[in-house]
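Q: Quick one: this structure, given as structure tokens, is what I'll be asking you about.
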Amino acid sequence: MSLRTQIMDDLKAAMKAGQSDKVSQIRGITAKIKDLDVASRVKNAEVTDTDIISALRSMIKSRKESATMYRDGGRPELADKEEAEIATISGYLPPELDETTLKSAIEEAVAATGATGMKEMGGVMAALKERFGADLDPAKASGLVRARLA
1 MSLRTQIMDD LKAAMKAGQS DKVSQIRGIT AKIKDLDVAS RVKNAEVTDT
51 DIISALRSMI KSRKESATMY RDGGRPELAD KEEAEIATIS GYLPPELDET
101 TLKSAIEEAV AATGATGMKE MGGVMAALKE RFGADLDPAK ASGLVRARLA
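Note that UniProt numbering has the sequence shown beginning at 1, numbered continuously upward.
Pasting the structure below:
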């Protein structure tokens, strides 16, 4: 089952169950997917699960920033709302790679690309993306690659 289908099925189930908070959270996700659809029409391309996962990761990142700002601003109720959205969105992401697996994959990618410094970071990241695809969290991986090549 595609990720898009799973999200739409979850939306229908939440609507039938009368879970208004979950419905609004999933509708936010579907709105982002529709934005991707509109953008892809210009390129005559299809939106893949990988594209959706990338968009979901960016949604989580922005919500984490918002939750931090709300907490710092003394608005814990809004921060809780953002964190609930993060939990819902995270449910659609593939499980994260554990750090030891990622570090060993980085070592292999560094060896395969012959990277010796920060200038070759792009090649290492490309090798990791090719190997893991949507399972790779680019933000986490880039931090580890940067630390390895520094």
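Virtual Cβ for every residue (Gly too), placed ideally from N, Cα, C.
Please classify Val110 as buried or exposed, where buried requires at least 16 other C-beta atoms within 10 Å of its C-beta.
A: Counting from one through the sequence shown, the residue named residue 110 turns up at place 110. Val110 comes out buried.
Q: Which same chain residues end up closer than 8 Å to Met118 when comparing Cβ atoms and leaving out the 5 residues on each side of it in sequence?
A: Against the sequence shown, residue 118 aligns to sequence position 118. Closer than 8 Å at Cβ, skipping near neighbours: Arg146, Leu149 and Ala150.
Q: Taking buried to mean at least 16 other C-beta atoms within 10 Å of its own C-beta, is Ala141 buried or exposed?
A: Start at 1 with the first residue of the sequence shown, and residue 141 comes out as number 141. Buried, by the Cβ-count rule.
Q: How long is the line joining the alpha carbons of Leu78 and Ile26, rounded to whole angstroms?
A: As a first step, residue 78 is located in the sequence shown; it is residue number 78 there, counting from the start. As a first step, residue 26 is located in the sequence shown; it is residue number 26 there, counting from the start. The alpha-carbon atoms of Leu78 and Ile26 are separated by roughly 17 Å.
Q: Could you give the DSSP three-state label for Met118: helix, strand or coil?
A: Taking the sequence shown and counting its residues from 1, the one referred to as residue 118 is at position 118. Looking at Met118 - three-state DSSP - the assignment turns out to be helix.
Q: Mapping the DSSP letters down to three states, classify Val47 as helix, strand or coil.
A: The residue labelled residue 47 in the question sits at position 47 within the sequence shown. Here Val47 sits in coil by DSSP.
Q: Is it buried or exposed for Arg63, if we count other Cβ within 10 angstroms and need 16 for buried?
A: Within the sequence shown, the letter at position 63 stands for residue 63. Flag for Arg63 reads buried.
Q: Have a look at Ser90, Pro76 and Ala17 and flag the residue whose alpha-carbon is nearest the alpha-carbon of Leu3.
A: Here residue 3 is taken as the residue at index 3 of the sequence shown, counted from 1. Closest by alpha carbon: Ser90.
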